[in-house]
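Trainee: Here our numbering is used: the first residue of the first sequence is 58, the next is one more, and so on. Questions regarding the structure given below will be posed in turn.
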Amino acid sequence: MRELPPRLDPRAIEPPLYREWLARGWFHVPASAVLEEGRDPYVIVIPPPNVTAVLHMGHGLNNTIQDVLIRWRRMQGRAAEWLPGTDHAGIATQNVVERQLAQEGRTRDDLGRDPFVERVWEFVRETGGTILEQLKAMGCSCDWERTAFTLDPGLSRAVREVFVRLHEEGLIYRGEYIINWCPRCLTALSNEEVEASETEGRLWRIRYPLAESTWRVAEHAAARGASAIVQLSNGGWALSVSTTRPETMLGDTGVAVHPEDERYRGLIGADVQLPLTGRTIPVVADPFVDPEFGSGMVKVTPAHDPNDFEIAARTGLPPMTVMTPDARMNDAVPEPFRGMDRFEARTAVLAALEREGLFAGSDAHTHAVPRCYRCDTVVEPRLSKQWFVRMGPLAEPALAASRDGTVSFTPERWKKVYEHWLENIRDWCISRQLWWGHRIPVWYCQQCGETIVAREDPTSCPTCGSVALEQDPDVLDTWFSSWLWPFSTFSWPEQTDDLRVFYPGHTLVTAPEILFFWVARMIMSGLHFMGEVPFTQVFLTGTVRDIQGRKMSKSLGNGIDPLEVVERFGADAMRFTVVSACAVGTDIHLDHNDVEGSFAPGRNFANKLWNAGRFTLMSLGEGPIQSLSDLRLALEDRWILSRLQGTAKETTLELERFRLHEAADRLYHFFWGDLADWYVELVKPRLKGEVGETSRQAARATLIAVFDGVLRLLHPIMPFVTEALWRELPWPEGAERPEALIVAPWPTPDRSLCDPAAESRMADFQELVGVVRSLRKEYGIAEGKGIPLALWGDGDLRATVEAQRGALARLARVEEVRWERAGAGTVGAHAVLKGGGMEVFLPLDGVIDVGRERARLQEEIARKEGHLGAGQKRLANEQFVTRARPDVVEKERERAAGLAEELAKLREKLALLEGWG
RNA sequence: GGUCGCUUAGCUCAGUCGGUAGAGCACCACGCUCACAUCGUGGGGGUCGCUGGUUCGAGUCCAGCAGCGACCACCA
Numbered sequence: 058m059r060e061l062p063p064r065l066d067p068r069a070i071e072p073p074l075y076r077e078w079l080a081r082g083w084f085h086v087p088a089s090a091v092l093e094e095g096r097d098p099y100v101i102v103i104p105p106p107n108v109t110a111v112l113h114m115g116h117g118l119n120n121t122i123q124d125v126l127i128r129w130r131r132m133q134g135r136a137a138e139w140l141p142g143t144d145h146a147g148i149a150t151q152n153v154v155e156r157q158l159a160q161e162g163r164t165r166d167d168l169g170r171d172p173f174v175e176r177v178w179e180f181v182r183e184t185g186g187t188i189l190e191q192l193k194a195m196g197c198s199c200d201w202e203r204t205a206f207t208l209d210p211g212l213s214r215a216v217r218e219v220f221v222r223l224h225e226e227g228l229i230y231r232g233e234y235i236i237n238w239c240p241r242c243l244t245a246l247s248n249e250e251v252e253a254s255e256t257e258g259r260l261w262r263i264r265y266p267l268a269e270s271t272w273r274v275a276e277h278a279a280a281r282g283a284s285a286i287v288q289l290s291n292g293g294w295a296l297s298v299s300t301t302r303p304e305t306m307l308g309d310t311g312v313a314v315h316p317e318d319e320r321y322r323g324l325i326g327a328d329v330q331l332p333l334t335g336r337t338i339p340v341v342a343d344p345f346v347d348p349e350f351g352s353g354m355v356k357v358t359p360a361h362d363p364n365d366f367e368i369a370a371r372t373g374l375p376p377m378t379v380m381t382p383d384a385r386m387n388d389a390v391p392e393p394f395r396g397m398d399r400f401e402a403r404t405a406v407l408a409a410l411e412r413e414g415l416f417a418g419s420d421a422h423t424h425a426v427p428r429c430y431r432c433d434t435v436v437e438p439r440l441s442k443q444w445f446v447r448m449g450p451l452a453e454p455a456l457a458a459s460r461d462g463t464v465s466f467t468p469e470r471w472k473k474v475y476e477h478w479l480e481n482i483r484d485w486c487i488s489r490q491l492w493w494g495h496r497i498p499v500w501y502c503q504q505c506g507e508t509i510v511a512r513e514d515p516t517s518c519p520t521c522g523s524v525a526l527e528q529d530p531d532v533l534d535t536w537f538s539s540w541l542w543p544f545s546t547f548s549w550p551e552q553t554d555d556l557r558v559f560y561p562g563h564t565l566v567t568a569p570e571i572l573f574f575w576v577a578r579m580i581m582s583g584l585h586f587m588g589e590v591p592f593t594q595v596f597l598t599g600t601v602r603d604i605q606g607r608k609m610s611k612s613l614g615n616g617i618d619p620l621e622v623v624e625r626f627g628a629d630a631m632r633f634t635v636v637s638a639c640a641v642g643t644d645i646h647l648d649h650n651d652v653e654g655s656f657a658p659g660r661n662f663a664n665k666l667w668n669a670g671r672f673t674l675m676s677l678g679e680g681p682i683q684s685l686s687d688l689r690l691a692l693e694d695r696w697i698l699s700r701l702q703g704t705a706k707e708t709t710l711e712l713e714r715f716r717l718h719e720a721a722d723r724l725y726h727f728f729w730g731d732l733a734d735w736y737v738e739l740v741k742p743r744l745k746g747e748v749g750e751t752s753r754q755a756a757r758a759t760l761i762a763v764f765d766g767v768l769r770l771l772h773p774i775m776p777f778v779t780e781a782l783w784r785e786l787p788w789p790e791g792a793e794r795p796e797a798l799i800v801a802p803w804p805t806p807d808r809s810l811c812d813p814a815a816e817s818r819m820a821d822f823q824e825l826v827g828v829v830r831s832l833r834k835e836y837g838i839a840e841g842k843g844i845p846l847a848l849w850g851d852g853d854l855r856a857t858v859e860a861q862r863g864a865l866a867r868l869a870r871v872e873e874v875r876w877e878r879a880g881a882g883t884v885g886a887h888a889v890l891k892g893g894g895m896e897v898f899l900p901l902d903g904v905i906d907v908g909r910e911r912a913r914l915q916e917e918i919a920r921k922e923g924h925l926g927a928g929q930k931r932l933a934n935e936q937f938v939t940r941a942r943p944d945v946v947e948k949e950r951e952r953a954a955g956l957a958e959e960l961a962k963l964r965e966k967l968a969l970l971e972g973w974g
């Protein structure tokens, strides 16, 4: 038997095992495994991390979960395909490279488009994919032969096909609308890419003077209580409007009131002098205006506000863009404001209005300011010509798939969130003014103006034959390639075996943050292009947070590097820790200031596994292992084998329900609590041959069987330490041995090994040992000192204790067991076993503190009397007896009877003490 | 503003069908008995956020309130 070191050294075992699994091709699943071997596929596609990303704990959690599921299904015999890859991450990656350039004092424009894109490619080739290497250190068993990248030729082809097809179907259109514009990234954003942040701002009130011709009407209206109409110091009349963004007033082309607002009815059509600009704008009527809010009068800036754009479209107001792409005031505004940043302009506009006596104060106002999800810059609504996907027709089937249960969510509450989003779906702005990404497959003929949308790059205009074609300069939203991931990675639109076999997939594991960005859209595209949902189960993980509940992030410096954890404590320790911490629907909290403490549970358990394995291997001794079925098994053998069956059943059930932490918990307690603490302790003498050869053989065979079983069950969560130990296990003669644990069959409970009687008797024995130990501690009897034990109970328990007499002596230091009632004159501590009806009596003459024991007894009697009283009251209650479930009533009766019996014994004991003291 | 979720031991969280509240960590005491001190044994610690309701009985079901959080949102 090989000597194992007393401490698990993950660094010594993990990398070689991973290399071997990889080399043996166990992660790779060819389509033939399904088509020829008839195996049932199980497919997970990885949420592709950004190609430039480095691993953080969120990935650690997410990918551990995926690997647990994949390894478990693989052991179940499924063709378990886990497809890895990365996302080109348009804005994020371009930003990274632009920052690099900035350090060299250059911009992307200095380089020009093609050289810039080449530079990004270089960067991606150099550093991209680091994260995938890091996943390997975590033990992720991805099918690396299929590693995909959203800019790969195949995936790019899928993107283009989808664009063209949607365009043909009329689901893609180009138009001039208000979109979310990031003035720093200089690109349009989708609604999902904008994050609202609650901000304490101000609501400024400003005045727009009315043309003199309307003063009389205005005065009249003011007298009738039109609060928005005020008189200026020069005697003229003005409208009062409110705004959170005063700088946009330079782009106002109207003022709107509700058509049925009696207060302002006379003013509809009136001319208003727009301050600072010398322009005259009209008052229009539009039902969007809420008469109840503020003064019931709204300034209209069609080119810089989505609502105003709508109002303008309905009322015919012209849009007027007053900002440059980087959010400075453009040449459309009066000279003094030109070139000012929008926030600078805000101050300047307010100051200018004040000078003209048109500033009317401000109020504190909390509102949601939209920010770019990539750079946090305040997003500017901007009128712009962009490409959009018409989402309504795509959303409908995706909604139905959730409603009819074709797709299910874990935790279930996300279903509602998903459906709510789809019910209120808005069109998707997919064009980005970036260079890094899939170029939009659209060309404009410079000759005749024709727009060409094509699968292949056109060389000439199909309408006029001109060769002067210019491709649309924009690229597509990164998510426009990610949403095709479940089929584009399997060669779609080409109809291959891979596609047929691995689509649709099964489980998607991801963070809730990208439910709309990615999950919902994948379901939409899957249904639309493949006719089937891409997966049927969506498992949304929690968020990894620090001890203060803050999200882990680079900028906060509160992150934990999973690789550091792997390096220090091993992948198994990290995996077990996160799995056991990831209760469904809850976030996981880790302390970045105490990485060791945070991962101690996993590390300790991995080490426990190692040591128990080490002990087992060392104490099995030489000689063949006999078959279990040929041996006469002891009580503890039957007990642990039975417990293993229950554990296998429960573990499987929990995994099926995505309750990974429960699975981890069951295995932890079975391994540590049952196997290591009890079984191993119980069989030590037997393994040494102290109880005879037959007994030794039974213990060896049982130990091997249980170890084999529990290592299999633990393998998905802790693949390395389990595989390392499993390889050292001797194998029963004649039994077929799988090639490796990673490909060993998943245990299914063997009913013939289930033994409730053994479980029950062991439970009594364990309790007896616990009671004796506890009493020893309580009375301060030295650990090493043996004690006599008197007990009485029924025949079954007696048999148990007799069978375990030796173990009792070792585990509880019991010197002698007497089956007789303690006579008068003997005093001791005692305990009553709850279920078993067995009483323990430790004669403790000379040790016991009689006063203390008496008090304790009295206390216990009082407590039990209380319980009994409550129980009897319940039983006396006619409603309870007639209405409660029969088994509950029966249980209550038994409990009461038991209590009464215990009480009688306690009183007897107390009487004994009285006599002695 | 709307929707959803959470509130149980010092901390992080379980708690299935309503029937005498659990785990891990932390803490205290004892123990280096040859698998493991990353360990073992024992122990202390909870008015289950508050109020009311349903029920024979509520951590669990219902209503209201408070606090926290998430998501959604075009009231300037």
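A virtual CB, placed ideally from N, CA and C, is assigned to each residue, including glycine. Predicted model, so just to flag it, every value in this text is computed and none were measured.
1) Taking DSSP as the reference, what is the three-state secondary structure of W83?
2) D362 and P427 - do their beta-carbons sit closer together than 8 Å?
3) I believe P359 touches P339 by the beta-carbon criterion, under 8 Å. Please report the beta-carbon distance rounded to the nearest angstrom.
4) Return yes when the Cβ of T673 is within less than 8 Å of the Cβ of F764, no when it is not.
5) Do you know how far the Cα of A953 is from the Cα of G841?
6) So, helix, strand or coil for L289, using DSSP?
7) Using a Cβ-Cβ cut-off of 6 Å (strictly less than) and excluding sequence neighbours within five positions of R135, which residues of its own chain qualify?
8) Looking at the unbroken alpha helix (DSSP H) that takes in L914, where does it start and where does it end?
9) With A280 as the anchor, note down where its alpha helix (DSSP H) starts and where it stops.
10) Flag this pair as yes or no: are the beta carbons of H649 and N615 separated by less than 8 Å?
11) How would you label T805, buried or exposed, when you count the other beta carbons within 10 angstroms and need 16 or more for buried?
12) Jot down the residue ranges of each uninterrupted beta strand (DSSP E) in the region 316-373, minimum 3 residues, whole runs only, in chain order.
13) Could you say if the region 561-575 and the region 101-109 meet the contact criterion of at least three C-beta pairs nearer than 8 Å?
14) I need the straight-line Cα distance from M58 to E747, nearest angstrom please.
15) If you follow the alpha helix (DSSP H) that W261 is in, where does it begin and where does it stop?
16) In terms of residue numbering, what span does the alpha helix (DSSP H) encompassing T709 cover?
17) Compare the Cα-Cα distances from L440 to each of T244, F537, A511 and report the closest residue.
18) Is it true that the region 554-565 meets the region 222-230, where meeting means three or more beta-carbon pairs spaced less than 8 Å apart?
19) Any contact between the region 267-280 and the region 476-485? By contact I mean 3 or more CB pairs, one from each, below 8 Å.
20) For F547, count neighbouring C-beta atoms within 10 Å of its own C-beta (all shown protein chains included) and say buried if the count is 16 or more, exposed if not.
21) Given R68, which residues of its chain have a CB within under 6 Å of its CB, disregarding the five upstream and five downstream residues?
22) Buried or exposed: W788, going by 16 or more other Cβ atoms within 10 Å of its Cβ?
23) Helix, strand or coil: which one does DSSP assign to M58?
24) In three-state terms, what does DSSP make of I70?
25) Determine the burial state of W444: buried for a count of at least 16 other Cβ atoms within 10 Å of its Cβ, exposed for fewer.
26) Check whether the Cβ atoms of V446 and I497 lie closer than 8 Å to each other.
27) Among the candidates L768, E785, V740, A941, whose CA atom is the shortest distance from the CA of A756?
28) Count the other CB atoms, across all protein chains shown, that sit within 10 Å of the CB of E226; report buried if there are 16 or more and exposed otherwise.
29) Apart from the five residues on each side of it in sequence, which residues of its chain come closer than 6 Å, Cβ to Cβ, to H224?
30) At what residue ranges does the region 87-113 contain a whole run of the beta strand (DSSP E), taking only runs of 3 or more?
31) Could you pull out every residue in the same chain whose Cβ sits closer than 8 Å to the Cβ of P802, ignoring the five residues on either side in sequence?
32) So, are the CB atoms of G926 and E949 less than 8 Å apart?
33) Y230 by DSSP, collapsed to three states: which one?
34) Within its chain, find whatever has a CB closer than 6 Å to the CB of A313; leave out the 5 residues flanking it on each side and keep chain order.
Mentor: Well, looking at it:
1) For the purposes of this step, residue 83 is taken as the residue at position 26 of the first sequence. Coil at W83, not helix or strand.
2) By 1-based counting over the first sequence, the position of residue 427 is 370. By 1-based counting over the first sequence, the position of residue 362 is 305. Contact: no.
3) Reading the first sequence from its first residue, position 302 is the one you call residue 359. Reading the first sequence from its first residue, position 282 is the one you call residue 339. Contact flag wrong, Cβ pair sits at about 13 Å.
4) By 1-based counting over the first sequence, the position of residue 764 is 707. By 1-based counting over the first sequence, the position of residue 673 is 616. Contact: yes.
5) On the first sequence, position 784 is the one that residue 841 refers to. On the first sequence, position 896 is the one that residue 953 refers to. One C-alpha to the other measures close to 39 Å.
6) For the purposes of this step, residue 289 is taken as the residue at position 232 of the first sequence. Coil at L289, not helix or strand.
7) As a position in the first sequence, residue 135 is number 78, starting the count at 1. So the list reads D97, Y99, once near-sequence residues are dropped.
8) Within the first sequence, the letter at position 857 stands for residue 914. Start and end: 907-933.
9) By 1-based counting over the first sequence, the position of residue 280 is 223. Element bounds for A280: 272-280.
10) The residue you call residue 649 lines up with position 592 of the first sequence. The residue you call residue 615 lines up with position 558 of the first sequence. Contact: yes.
11) The residue you call residue 805 lines up with position 748 of the first sequence. Exposed, because fewer than 16 other Cβ atoms sit within 10 Å of the Cβ of T805.
12) 328-331, 336-342, 354-357
13) yes
14) Counting from one through the first sequence, the residue named residue 58 turns up at place 1. Counting from one through the first sequence, the residue named residue 747 turns up at place 690. With a pLDDT of 49 at M58, under the threshold of 50, the modelled position of that residue is not reliable, and no figure is offered here.
15) Your numbering for residue 261 matches position 204 in the first sequence. Per DSSP, W261 belongs to no alpha helix (DSSP H); it is in the beta strand (DSSP E), 251-266.
16) Translated into the one-based positions of the first sequence, residue 709 becomes position 652. That run of the alpha helix (DSSP H) goes 692-713.
17) For this step, residue 440 is matched to residue 383 along the first sequence. Residue T244 is the option with its Cα nearest to L440.
18) no
19) no
20) The residue you call residue 547 lines up with position 490 of the first sequence. Label assigned to F547: buried.
21) Along the first sequence, one-based indexing puts residue 68 at 11. Excluding sequence neighbours, R68 sits near nothing in its chain.
22) Reading the first sequence from its first residue, position 731 is the one you call residue 788. The residue in question, W788, is exposed, as its Cβ has fewer than 16 Cβ neighbours within 10 Å.
23) Start at 1 with the first residue of the first sequence, and residue 58 comes out as number 1. Since pLDDT at M58 reaches only 49, below the 50 mark, its modelled position is unreliable, and the value read off the structure follows with that caveat. Correct three-state label for M58: coil.
24) The residue labelled residue 70 in the question sits at position 13 within the first sequence. Note: I70 maps to helix in three-state DSSP.
25) Counting from one through the first sequence, the residue named residue 444 turns up at place 387. Flag for W444 reads buried.
26) Start at 1 with the first residue of the first sequence, and residue 446 comes out as number 389. Start at 1 with the first residue of the first sequence, and residue 497 comes out as number 440. Going by C-beta atoms, V446 is not nearer than 8 Å to I497.
27) Sequence index remark: in the first sequence, residue 756 carries index 699 (1-based). When only C-alpha atoms are compared, the closest one is V740.
28) Within the first sequence, the letter at position 169 stands for residue 226. Classification of E226: exposed, given that the 10 Å Cβ count is below 16.
29) Counted from its first residue, the first sequence places residue 224 at position 167. Taken in chain order, the residues that qualify are V510.
30) 98-102
31) Here residue 802 corresponds to residue number 745 of the first sequence, with the count starting at 1. Hits under 8 Å: M132, Q133, G134, R769, P795.
32) For the purposes of this step, residue 926 is taken as residue 869 along the first sequence, with counting starting at 1. For the purposes of this step, residue 949 is taken as residue 892 along the first sequence, with counting starting at 1. No. Outside cutoff.
33) What you label residue 230 is simply residue 173 of the first sequence in a count that begins at 1. Note: Y230 maps to strand in three-state DSSP.
34) Working through the first sequence from its first residue, we reach residue 313 at position 256. Result list for A313: V341, D343, V346, V355, V357, I368, in chain order.
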